[in-house]
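Heads up, the sequence shown is in our numbering, so the first residue is 455 and it goes up one at a time. Virtual Cβ for every residue (Gly too), placed ideally from N, Cα, C.
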Amino acid sequence: MHLVHQPDFHIELENDHIILHGTAEESGGVILRGAVILNCSEMTKVKAITLRFIGKVRVNWLEGKTAGTGSTQSHHREERTLITHEWSFLKHNRKIYHLPEGHYKWDFELPLPGDLPESISYEQGEVFYKLRATVERPTFSLNYKDKKDLHVSRLLLPSSLALTQSLIVSNEWANKLTYDISVPSKLYALGTMIPITFLFVPLTEHLQIRMVSCMLKEYITLSTSNHSRVEGKIIQHITDSHFASEEDPWSKTELLPIPDAVKTDSSGDLIKIRHKVKIIVSIRNYDGHISELRAAIPVIISEFSPDEDVNILPAYEDAWKSAPYDPQQVADLVARGDLPRSLALASPNAAAIGAGNAFSFSDTEEDLDSGPQSSSTADTSNSSYSSLPWQRFDLNRVPSYTTAIRSNRLYSFGSLPAYENAVAIPGRTDITFNK
């Protein structure tokens with residue numbers, strides 16, 4: 455019995471977590487990079503190899519009440535495509551490609567705009583980004599498929615006012631009390647604390663602070679073309695009743711923890727997420743009457759803080775990242791496990807380049823049983839410019855320092871051609887250079 459070996463087919467990404475820096479109006483976007491990998495253990499017949507990237511937002515909820523046998527519920531639903539792109543590594547052809555045993559790798563990249571909404575997973579709505587790769591096989595053969603999720607986050611720029619300005623609520627209450635309630639910043643990361651500082655100065659005698667309650671409240675706005683709905687819920691709550699009875703003024707700082715499971719702020723068209731710190735101060739008057747002072751401070755919850763962003767000089771142990779690039783050395787280090795596999799994305803793959811010519815001119819959908827024929831190769835011997843020294847460099851893609859550090863790729867210009875080689879014209883031997 456002949457056993458059919460399933461090839462290894464998968465998508466590799468340089469980074470499956472994309473970070474957009476700045477607001478939707480500020481961000482310049484980012485480049486999505488990766489590769490589609492096909493490892494064939496035997497000759498494999500293929501009709502086409504494609505990759506599709508898609509980002510969507512959808513909302514879906516019921517609203518209304520059910521009374522007795524009658525129902526007043528209404529169903530609201532909408533879906534929009536945020537971004538889509540397709541690559542065709544082996545295009546559809548009437549002929550069948552015959553891929554010999556070997557390793558095939560097709561690199562891809564796509565500029566992502568800076569105004570994309572962040573990834574959201576919510577029972578009544580979601581924003582998601584996915585990659586789907588497909589190897590289309592001939593009739594009666596199973597297609598090969600793989601998919602990869604992409605997570606998109608947003609981080610405010612260090613120059614943002616949300617990072618540099620504190621927020622203060624200051625006022626006089628009922629001619630009895632002046633108060634200052636402040637937080638040092640508007641932006642906070644998941645898993646951190648929000649320090650809330652209180653300063654109360656009594657204007658009358660015999661006032662007492664009974665209790666201070668601090669709540670972190672989340673507001674989710676779901677929208678369709680003709681309807682919207684706002685949901686609010688408390689996701690964290692602390693209470694402090696330890697205030698001295700005769701202290702004047704009262705000053706204290708409370709720490710409000712942010713759970714790791716909180717949804718981060720987002721400002722998409724169909725799904726908006728906002729957060730506020732709600733504060734209730736309970737005050738006992740001289741006659742025993744209890745009064746309440748209420749305040750609210752808007753805050754931004756981010757997946758991480760700017761201090762955690764990879765925008766600093768590399769550590770000493772990461773100095774290998776600036777070493778001259780040697781494809782063979784990188785491949786050896788990746789194979790040994792000394793370097794992450796994503797670095798192998800920078801190395802070329804000759805098998806994938808030649809795969810487009812690996813089809814038989816006698817093999818069609820109507821003639822699938824014929825054996826593999828000799829593959830044709832592109833003839834470049836007549837091109838006098840095929841050996842120009844700069845052809846293997848993409849001179850338009852010199853990265854900024856920040857981009858180079860974030861991407862974890864090896865960039866080196868140590869092997870650029872000498873000047874006399876760069877300006878040499880093929881076929882001309884009458885040019886000399888004075889030393």
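- [ ] Could you give the DSSP three-state label for alanine 502: helix, strand or coil?
- [x] For the purposes of this step, residue 502 is identified with residue 48 of the sequence shown, where counting begins at 1. When DSSP states are grouped into helix, strand and coil, alanine 502 belongs to the strand group.
TODO: Find the nearest neighbour of threonine 632 within the set Phe463, Gly488, Ala478, Thr658, judged by alpha-carbon distance.
DONE: Taking the sequence shown and counting its residues from 1, one reaches residue 632 at position 178. Minimum Cα distance to threonine 632 is reached at Thr658.
Task: Exposure of phenylalanine 654, with buried meaning 16 or more beta-carbon neighbours within 10 Å - done: Along the sequence shown, one-based indexing puts residue 654 at 200. Phenylalanine 654 should be labelled buried.
- [ ] State the beta-bridge partners of proline 565 as determined by DSSP.
- [x] Reading the sequence shown from its first residue, position 111 is the one you call residue 565. For proline 565, which the question treats as bridged, DSSP gives the partners Ile485.
Open item on the list: At the level of alpha carbons, what is the spacing between lysine 559 and isoleucine 491?
Closed with: Within the sequence shown, numbered from 1, the residue matching residue 559 stands at position 105. Within the sequence shown, numbered from 1, the residue matching residue 491 stands at position 37. Distance between the alpha carbons of lysine 559 and isoleucine 491: 5 Å.
- [ ] Give the single residue among Ala805, His552, Glu466, Val731 whose Cα lies nearest to the Cα of isoleucine 622.
- [x] For this step, residue 622 is matched to residue 168 along the sequence shown. In this structure, Val731 is the residue among Ala805, His552, Glu466, Val731 with its C-alpha nearest to the C-alpha of isoleucine 622.
- [ ] Give a yes or no on whether the C-beta atoms belonging to lysine 602 and isoleucine 712 are separated by under 8 Å.
- [x] In the sequence shown, residue 602 corresponds to position 148, counting from 1. In the sequence shown, residue 712 corresponds to position 258, counting from 1. Their beta carbons are not under 8 Å apart, which means lysine 602 does not touch isoleucine 712 by this criterion.
Open item on the list: Between which two residues does the beta strand (DSSP E) holding lysine 589 run?
Closed with: Here residue 589 refers to the residue found at position 135 of the sequence shown. Correcting the residue identity first, residue 589 is valine in this sequence and not lysine. It spans 579–590 - the beta strand (DSSP E) in which valine 589 sits, taken as one unbroken run.
Open item on the list: Restricting to Cα atoms, I'd like to know which of Ser756, Arg591, Asn514, Val753 is closest to lysine 545.
Closed with: The residue you call residue 545 lines up with position 91 of the sequence shown. The shortest Cα separation from lysine 545 among Ser756, Arg591, Asn514, Val753 belongs to Arg591.
TODO: Look up alanine 628 in the DSSP assignment and say whether it is helix, strand or coil.
DONE: As a position in the sequence shown, residue 628 is number 174, starting the count at 1. Correct three-state label for alanine 628: coil.
Open item on the list: If distances are taken between C-alpha atoms only, which option among Leu609, Asp741, Met647, Leu709 comes closest to serine 759?
Closed with: For the purposes of this step, residue 759 is taken as residue 305 along the sequence shown, with counting starting at 1. That would be Leu609, whose Cα lies nearest to the Cα of serine 759.
Open item on the list: Taking the straight line between their C-alpha atoms, what separation do you get for aspartate 786 and glutamine 460?
Closed with: Taking the sequence shown and counting its residues from 1, the one referred to as residue 786 is at position 332. Taking the sequence shown and counting its residues from 1, the one referred to as residue 460 is at position 6. Cα to Cα, aspartate 786 sits roughly 26 Å from glutamine 460.
Open item on the list: Any contact between the segment 491–505 and the segment 539–556? By contact I mean 3 or more CB pairs, one from each, below 8 Å.
Closed with: yes
Task: Where threonine 618 sits in the DSSP three-state scheme - done: Here residue 618 refers to the residue found at position 164 of the sequence shown. Here threonine 618 carries a helix assignment [DSSP, helix/strand/coil].
TODO: Compute the distance between the beta-carbons of serine 607 and glutamate 757, then report whether it is under 8 Å.
DONE: Taking the sequence shown and counting its residues from 1, the one referred to as residue 607 is at position 153. Taking the sequence shown and counting its residues from 1, the one referred to as residue 757 is at position 303. A contact, by the Cβ cut-off of 8 Å.
Open item on the list: Taking contact to mean 3 or more Cβ pairs, one atom from each stretch, closer than 8 Å, check whether the segment 719–737 and the segment 673–685 are in contact.
Closed with: yes
Task: Collapsed DSSP secondary structure at proline 703 in the structure displayed - done: Counting from 1 along the sequence shown, the entry for residue 703 is found at position 249. DSSP places proline 703 in coil when its eight states are reduced to three.
TODO: Quick one: residues in its chain with C-beta nearer than 6 Å to the C-beta of tyrosine 740, no 5 flanking neighbours on either side, listed in chain order?
DONE: Stepping through the sequence shown from its first residue, residue 740 is reached at position 286. The answer, listed in chain order, is His660.
- [ ] Output the boundary residues of the beta strand (DSSP E) element that contains serine 575.
- [x] Residue mapping note: residue 575 aligns to position 121 of the sequence shown, counting from 1. Taken as a continuous stretch (DSSP letters only), the beta strand (DSSP E) holding serine 575 covers 574–576.
Task: Sequence-distant residues of the same chain with beta carbon closer than 6 Å to histidine 691, five excluded per side - done: The residue labelled residue 691 in the question sits at position 237 within the sequence shown. Sequence-distant Cβ neighbours of histidine 691 in its own chain, meaning closer than 6 Å and more than five residues away, are Met669.
TODO: Could you work out which residue in Trp704, Arg790, Leu474 is closest to methionine 665 when comparing CA atoms only?
DONE: Residue mapping note: residue 665 aligns to position 211 of the sequence shown, counting from 1. Nearest of Trp704, Arg790, Leu474 to methionine 665, Cα basis: Trp704.
Task: Cα-Cα separation, threonine 693 to glycine 742 - done: Residue numbering aside, residue 693 sits at position 239 when the sequence shown is read from its first letter. Residue numbering aside, residue 742 sits at position 288 when the sequence shown is read from its first letter. Computed Cα separation, rounded: 21 Å.
Open item on the list: Using only the alpha-carbon positions, how far apart do leucine 474 and histidine 605 sit?
Closed with: Reading the sequence shown from its first residue, position 20 is the one you call residue 474. Reading the sequence shown from its first residue, position 151 is the one you call residue 605. Rounded to the nearest angstrom, the two C-alpha atoms are 11 Å apart.
Open item on the list: Using a Cβ-Cβ cutoff of less than 7 Å, which residues in the same chain neighbour valine 581 once the five nearest sequence positions on both sides are dropped?
Closed with: Here the question's residue 581 lines up with position 127 in the sequence shown. So the qualifying residues of the chain are Val511, Pro571, Glu572, Ser573, Ile574, Gly722, Ile725.
Task: Spatially closest choice to histidine 729 from Ala750, Leu709, Ser745, by CA coordinates - done: By one-based count along the sequence shown, residue 729 stands at place 275. Histidine 729 has its Cα closest to that of Ala750, out of Ala750, Leu709, Ser745.
Task: Classification of alanine 809 by the beta-carbon crowding that lies within 10 angstroms, buried from 16 upward - done: As a first step, residue 809 is located in the sequence shown; it is residue number 355 there, counting from the start. Classification of alanine 809: buried, given that the 10 Å Cβ count is 16 or more.
Open item on the list: At the level of alpha carbons, what is the spacing between lysine 630 and proline 656?
Closed with: Locating residue 630 in the sequence shown gives position 176, counting from the first residue. Locating residue 656 in the sequence shown gives position 202, counting from the first residue. Computed Cα separation, rounded: 6 Å.
TODO: Check proline 760 in the structure and name its three-state DSSP category.
DONE: The count along the sequence shown starts at 1 and reaches residue 760 at position 306. Three-state result, proline 760: helix.
Open item on the list: Please state whether the Cβ-Cβ distance between glutamate 563 and arginine 487 is less than 8 Å.
Closed with: To locate residue 563, count along the sequence shown from 1; it is residue 109. To locate residue 487, count along the sequence shown from 1; it is residue 33. A contact, by the Cβ cut-off of 8 Å.
TODO: Taking lysine 549 as part of the beta strand (DSSP E), name the residues at either end of that continuous run.
DONE: Position 95 of the sequence shown holds residue 549. Residues 549–553.
- [ ] For phenylalanine 652, count neighbouring Cβ atoms within 10 angstroms of its own Cβ and tell me buried if that reaches 16, exposed if not.
- [x] For the purposes of this step, residue 652 is taken as residue 198 along the sequence shown, with counting starting at 1. With 16 or more Cβ atoms within 10 Å of its Cβ, phenylalanine 652 is classed as buried.
Open item on the list: For glycine 568 and glycine 686, what's the separation of their Cα atoms in angstroms?
Closed with: Position 114 of the sequence shown, counted from the first residue, corresponds to residue 568. Position 232 of the sequence shown, counted from the first residue, corresponds to residue 686. In a straight line, the C-alpha of glycine 568 is about 28 Å away from that of glycine 686.
TODO: Quick one: residues in its chain with C-beta nearer than 8 Å to the C-beta of tyrosine 409, no 5 flanking neighbours on either side, listed in chain order?
DONE: Nothing can be reported for residue 409: it is not among the residues displayed for the chain, which extend from 455 to 889.
Open item on the list: Can you tell me which residues form a DSSP beta bridge with leucine 492?
Closed with: By 1-based counting over the sequence shown, the position of residue 492 is 38. DSSP, once it has assigned bridges, lists Phe463, Tyr558 as partnering leucine 492.
Open item on the list: Within 10 Å of its beta-carbon, does alanine 804 have 16 or more other beta-carbons around it, so buried, or fewer, so exposed?
Closed with: The residue labelled residue 804 in the question sits at position 350 within the sequence shown. When all chains shown are included, alanine 804 counts as exposed.
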